[in-house]
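Below is one structure, written out as structure tokens, with a few remarks after it.
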Amino acid sequence: MATQVATSRRGGSRSSGIRSGERLAGWLFSLPVIIILGVFLFIPVVMAIWVSFSDWSGRGSPLSSGVNFIGLGNYSDVTGGGGLAEKNFGIAIRNNAWYVILVVPIQTVLSLFLAVLVNRAILRGRSLFRMAFYFPSVTSSVAITVLWLFLFSTTGVINKVLSWFGVNGPNWFNDPRGIVHVALGAMGVDAAPTALTSHGLLGIDWWEWLSGPSFAMSAFVLMAVFTTSGTFMLLFLAALQNINPELGEAASVDGANGWQRFWRITLPQLRPTLFTVLTLGLIGTWQVFDQIYTGTQGGPGKTTLTPAYLSYESAFINQQWGRGSAIAFILFLIIIVFTLFQRWVLRERKVSKRRSYNHQAKGKKS
Amino acid sequence: MSVTETRPEAARQHEPLNRFTRLRRQAKRLGIGQWALYALLIGMSLIYIYPFLVEVATSFKTDTEAASDPIGLVPNIFSWAAYSRLFAHSDFPRWFMNSAIVTVFVTAGRVFFVSLAGYALARLHFRGRGFVFAMVVGVMAVPGVVLLIPKFLVLKELHLYDSYPGMILPLLVDAAGVFIMKNFFESIPVSVEEQARMDGAGTFRVFWSIVLPMARPALITIVILSFQGSWNELSHFIVSTQSPELTTLTKGVASLASGQLSQGTQYPIKLAAAALMTIPVAVMFFIFQKRIMNNTQGAEKG
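Structure follows, in structure tokens:
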């Protein structure tokens, strides 16, 4: 409608004075946003790209004449070369990859589950339950991390609860053992097969890649699920409320049970929201920083080191600004690649294919 | 009784009974299912809320009790020590003030700038509008952690590092907010403004006294988002400040957590700080909870 009005106005006999006034106003109104985004986002990114190709050591301006262009040096240091820089980067990628692999599916399934639960029309106190699930999402990551450090401390709430079941809880935030390694150890696999230790990627061998998240990282995984499931629950809830109930009722009359209705009727309609949640999840989980800065600074044994924190640490603490910037841009690239990949996996397929996909999904579940 | 009533009817007509018993069976199952549902929901909510109750309870415990009984919600010895130490012997009040200053300026600035730009992009016709909009969308795609080093570099270059303007200015505009406002303005009818403009009101007059009052619901969304965002912001303050006088709550409490305190674990004081810094966003949440809960729909579309 707006465009219709606009075109009719353009064709009308309105004096050009108002139109030029509008042109000026348009630019004036957008100017603050343009300036701030330009000065504090666009220019900085360009500067950082330059720094990532330079040997700037943090002294003086990175634009001064003493700073040299060193090509891809900073990038090749962290992706190859066999040095400590490469190993640290490899460890950070491994840690964060496990974090992503665990957090994204768990938070998506849990938030969908919560949304379906609180969406029941007959439910009393719906808003109370929603508030309870959403509340952790509004608090700051710093406050939650402090709370988590207490809950998961040696004498904390989690270990207390575990002890009721006769489980001797680990020393969460001080335990660098990977949970996959621990599980394998419990089954009697203590030593790594040489096939896995003799080869590797980014300076760490495959056995180390497969270690799983450490106990410390696992606590952060639970924290991420705890703080984000409420937000995503609201997204799913909004989508569920937009679904036409008639389809489900028709299926119900045809004798479809709750599970069938959910998998074949509700879930396909939630596809756009599922897409949003997975995208936001992927983007968010590759950027773990606040909790690491507040809680562990990468420890124990570098098992909570993430690319985001490594980038910060390289630049602001070790004064290797080029390396820090290079890591940040590689991370940027990783996020883009993952987002595109996920877009491709979830792309809109032809109906017949989608139907067969749903059959498979249902088969797996039941 | 109902059974004897329906039985003869069933003998006559097979179909209705079937439907009737099926409905009854469904209702019965619903009864049990309903109980299970409530039990599940209450259990889940407890998992989500109990940690915060523990947080508050522990802040009133002594150090030894926090270690010996982490779960109990009623302290044996009720102690204000954590709070009195925070307020009398630490920079906590200063941190709180800095966070408040930044949050107020950022929220006020964002509401104004974001709605101005959103209005321009939705309603005003000017050359380059498509370009400005593309830039806003492009910026939204850049992940925050990529900007840590860049922001520091530019703040240094502009001599804004370690100052209030350096803390506030980069947060003043939020691309997502521009997006939300643009979508909102596009959803309201253009006729009222048209009338006002026909009567000769200038563009800013129309915006300020006619459009903005209509945009209240969207503006409240922006207020909530920017209040929460700037109060909880950590990484920007890490890269934009270093002096203790400019430390915000997030940065200060993070330093408490990573062991700035002299000895011991001192959980009560850390949790007291965490609880206090949660209060403003919690109050905001309870005031606007209806709006927050119902607004995600619009936000998602945006």
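Chains as they are written, first to last, in this note's numbering: chain S, 450 to 815; chain R, 245 to 546.
Here a beta-carbon is modelled for each residue, glycine too, at the ideal position from N, C-alpha and C.
Legend entry - Interfacial residues, the stretch 706-739 of chain S to chain R, with Cβ spacing under 8 Å: Thr722, Thr725, Ile732, Trp735, Gln736, Phe738 and Asp739
Inset, instruction - Please confirm if tryptophan 656 of chain S has its CB atom under 8 Å from at least one CB of chain R. - result: Here residue 656 of chain S corresponds to residue number 207 of the first sequence, with the count starting at 1. Not one chain R Cβ lies under 8 Å of tryptophan 656 of chain S.
Legend entry - Near-chain S residues of the stretch 390-413 of chain R (beta-carbon distance less than 9 Å), N- to C-terminal order: Val390, Leu391, Leu392, Ile393, Pro394, Lys395, Phe396, Leu397, Val398, Leu399, Lys400, Glu401, Leu402 and Leu413
Legend entry - Proximity below 8 Å, CB of phenylalanine 582 of chain S to CB of methionine 682 of chain S: Residue mapping note: residue 582 of chain S aligns to position 133 of the first sequence, counting from 1. Residue mapping note: residue 682 of chain S aligns to position 233 of the first sequence, counting from 1. Contact: yes.
Inset, instruction - Excluding the 5 residues preceding and the 5 following alanine 641 of chain S in the sequence, name in chain order all residues of the same chain whose CB lies nearer than 6 Å to its CB. - result: What you label residue 641 of chain S is simply residue 192 of the first sequence in a count that begins at 1. So the list reads Trp656, once near-sequence residues are dropped.
Inset, instruction - Name the two residues that bound the continuous alpha helix (DSSP H) containing histidine 480 of chain R. - result: One-based indexing of the second sequence puts residue 480 of chain R at position 236. Run containing histidine 480 of chain R: 479-484, per the alpha helix (DSSP H) assignment.
Legend entry - Touch test, the stretch 462-482 of chain R against the stretch 312-331 of chain R, Cβ-Cβ under 8 Å, three pairs minimum: no
Inset, instruction - Please compile the residues from chain R whose C-beta is within a distance smaller than 7 Å of the C-beta of proline 511 of chain S. - result: Here residue 511 of chain S is taken as the residue at index 62 of the first sequence, counted from 1. Those are Leu397, listed as they occur along chain R.
Inset, instruction - Reducing DSSP to helix, strand and coil, say where phenylalanine 614 of chain S ends up. - result: Stepping through the first sequence from its first residue, residue 614 of chain S is reached at position 165. Coil.
Inset, instruction - Take isoleucine 432 of chain R and list the residues in its own chain whose beta-carbon comes closer than 7 Å to its own, dropping the five residues that flank it on each side. - result: Looking up residue 432 of chain R in the second sequence gives position 188. Closer than 7 Å at Cβ, skipping near neighbours: Met458.
Legend entry - Per-residue burial, glutamate 695 of chain S [other beta carbons within 10 Å of its own, 16 or more giving buried]: To locate residue 695 of chain S, count along the first sequence from 1; it is residue 246. Burial call: exposed.
Inset, instruction - Please decide whether methionine 666 of chain S counts as near chain R, where near means a Cβ-Cβ distance under 8 Å. - result: The residue you call residue 666 of chain S lines up with position 217 of the first sequence. It does not: the Cβ of methionine 666 of chain S has no partner Cβ on chain R nearer than 8 Å.
Inset, instruction - Kindly list the residues whose CB is nearer than 7 Å to the CB of asparagine 599 of chain S, restricted to its own chain and excluding five residues on each side of it in sequence; keep chain order. - result: Within the first sequence, residue 599 of chain S is the residue found at index 150, counting from 1. Note on residue identity: the sequence assigns phenylalanine, not asparagine, to residue 599 of chain S. So the list reads Gly605, once near-sequence residues are dropped.
Legend entry - Per DSSP, the bridge partner or partners of leucine 650 of chain S: Working through the first sequence from its first residue, we reach residue 650 of chain S at position 201. Answer is S:Ile653, bridged to leucine 650 of chain S.
Inset, instruction - Would you mind telling me which residues of chain R sit closer than 8 Å to phenylalanine 790 of chain S, beta carbon to beta carbon, in chain order? - result: Here residue 790 of chain S corresponds to residue number 341 of the first sequence, with the count starting at 1. Those within 8 Å of phenylalanine 790 of chain S in chain R number zero; the least Cβ separation is about 16 Å.
Legend entry - Partner residues on chain S for proline 295 of chain R, Cβ-Cβ distance less than 7 Å: For this step, residue 295 of chain R is matched to residue 51 along the second sequence. Going along chain S in sequence order, the residues near proline 295 of chain R (Cβ under 7 Å) are Leu596 and Leu600.
Inset, instruction - Consult DSSP for glycine 574 of chain S and reduce its assignment to one of helix, strand or coil. - result: For the purposes of this step, residue 574 of chain S is taken as the residue at position 125 of the first sequence. Of the three classes helix, strand and coil, the one that applies to glycine 574 of chain S here is coil, per DSSP.
Legend entry - Residues of the stretch 453-468 of chain R whose Cβ lies closer than 8 Å to any Cβ of chain S, in chain order: Those would be none; no residue qualifies.
Legend entry - chain S contact residues for serine 502 of chain R, given Cβ-Cβ distances below 9 Å: As a first step, residue 502 of chain R is located in the second sequence; it is residue number 258 there, counting from the start. The contacting residues are Tyr742, Thr743, Gly744, Thr745 and Gln746.
Legend entry - phenylalanine 518 of chain S - DSSP class collapsed to helix/strand/coil: Residue 518 of chain S sits at position 69 when you count from the first residue of the first sequence. Phenylalanine 518 of chain S: strand per DSSP, three-state reduction.
Legend entry - Distance between glycine 496 of chain R and serine 311 of chain R (C-alpha atoms, nearest Å): For the purposes of this step, residue 311 of chain R is taken as the residue at position 67 of the second sequence. For the purposes of this step, residue 496 of chain R is taken as the residue at position 252 of the second sequence. For the record, residue 311 of chain R in the displayed sequence is alanine; it is not serine. One C-alpha to the other measures close to 24 Å.
Legend entry - Nonlocal neighbours in the same chain, by C-beta distance under 8 Å from threonine 788 of chain S, ignoring five residues either side: Position 339 of the first sequence, counted from the start, is the residue given in the question as residue 788 of chain S. Contacts found: Thr728, Leu731 and Ile732.
Legend entry - Interface partners of methionine 580 of chain S on chain R, CB under 7 Å: Taking the first sequence and counting its residues from 1, one reaches residue 580 of chain S at position 131. Within 7 Å Cβ-Cβ: Gln533.
Inset, instruction - With a 10 Å radius around its C-beta and 16 neighbouring C-beta atoms as the bar for buried, classify methionine 379 of chain R as buried or exposed. - result: Position 135 of the second sequence, counting from 1, holds the residue named residue 379 of chain R. Buried, by the Cβ-count rule.
Legend entry - Proximity of serine 760 of chain S and leucine 780 of chain S at Cβ, strictly below 8 Å: Here residue 760 of chain S refers to the residue found at position 311 when the first sequence is read from its first residue. Here residue 780 of chain S refers to the residue found at position 331 when the first sequence is read from its first residue. The beta carbons of serine 760 of chain S and leucine 780 of chain S sit closer together than 8 Å.
Legend entry - Secondary structure of serine 303 of chain R, DSSP reduced to three states: Looking up residue 303 of chain R in the second sequence gives position 59. DSSP places serine 303 of chain R in helix when its eight states are reduced to three.
Legend entry - For glycine 627 of chain S, the residue or residues it bridges with in DSSP: One-based indexing of the first sequence puts residue 627 of chain S at position 178. For glycine 627 of chain S, which the question treats as bridged, DSSP gives the partners S:Ser663.
Inset, instruction - Please confirm if the stretch 283-290 of chain R is in contact with the stretch 561-568 of chain S, defined as three or more CB-CB distances below 8 Å between the two stretches. - result: They touch, by the three-pair rule.
Legend entry - Residue from R:Gln472, R:Leu463, R:Trp324 and R:Asn320 whose Cα sits closest to the Cα of alanine 517 of chain R: Locating residue 517 of chain R in the second sequence gives position 273, counting from the first residue. Ranking R:Gln472, R:Leu463, R:Trp324 and R:Asn320 by Cα distance to alanine 517 of chain R puts R:Trp324 first.
Inset, instruction - Taking valine 358 of chain R and valine 300 of chain R to be in contact with their CB atoms under 8 Å, please state how far apart those CB atoms are, rounded to whole angstroms. - result: The count along the second sequence starts at 1 and reaches residue 358 of chain R at position 114. The count along the second sequence starts at 1 and reaches residue 300 of chain R at position 56. Valine 358 of chain R to valine 300 of chain R, Cβ: 35 Å. No contact.
Inset, instruction - Using a Cβ-Cβ cut-off of less than 7 Å, give me the residues of the stretch 533-554 of chain S that come near chain R, in sequence order. - result: Hits within the stretch: zero.
Inset, instruction - List the residues of chain R that methionine 496 of chain S touches, going by C-beta distances under 8 Å, in chain order. - result: As a working mapping, residue 496 of chain S is identified with position 47 in the first sequence. Those within 8 Å of methionine 496 of chain S in chain R are Pro394, Leu397, Val398 and Glu401.
Inset, instruction - State yes or no: is the C-beta of serine 470 of chain R within less than 8 Å of the C-beta of threonine 306 of chain R? - result: By 1-based counting over the second sequence, the position of residue 470 of chain R is 226. By 1-based counting over the second sequence, the position of residue 306 of chain R is 62. No, the pair does not count as a contact, with Cβ atoms beyond the cut-off.
Legend entry - Euclidean distance between Cα positions of glutamine 533 of chain R and isoleucine 291 of chain R: For the purposes of this step, residue 533 of chain R is taken as the residue at position 289 of the second sequence. For the purposes of this step, residue 291 of chain R is taken as the residue at position 47 of the second sequence. Counting only the Cα atoms, isoleucine 291 of chain R lies some 20 Å from glutamine 533 of chain R.
Legend entry - chain S residues whose Cβ lies nearer than 7 Å to that of tyrosine 511 of chain R: The residue given as residue 511 of chain R occupies position 267 in the second sequence. Those are Phe599, listed as they occur along chain S.
Legend entry - Partners in chain S for histidine 333 of chain R, counting only beta-carbon separations shorter than 7 Å: Mapped onto the second sequence, residue 333 of chain R falls at position 89. Contact note: histidine 333 of chain R does not reach chain S at a C-beta cutoff of 7 Å; the least C-beta distance is about 19 Å.
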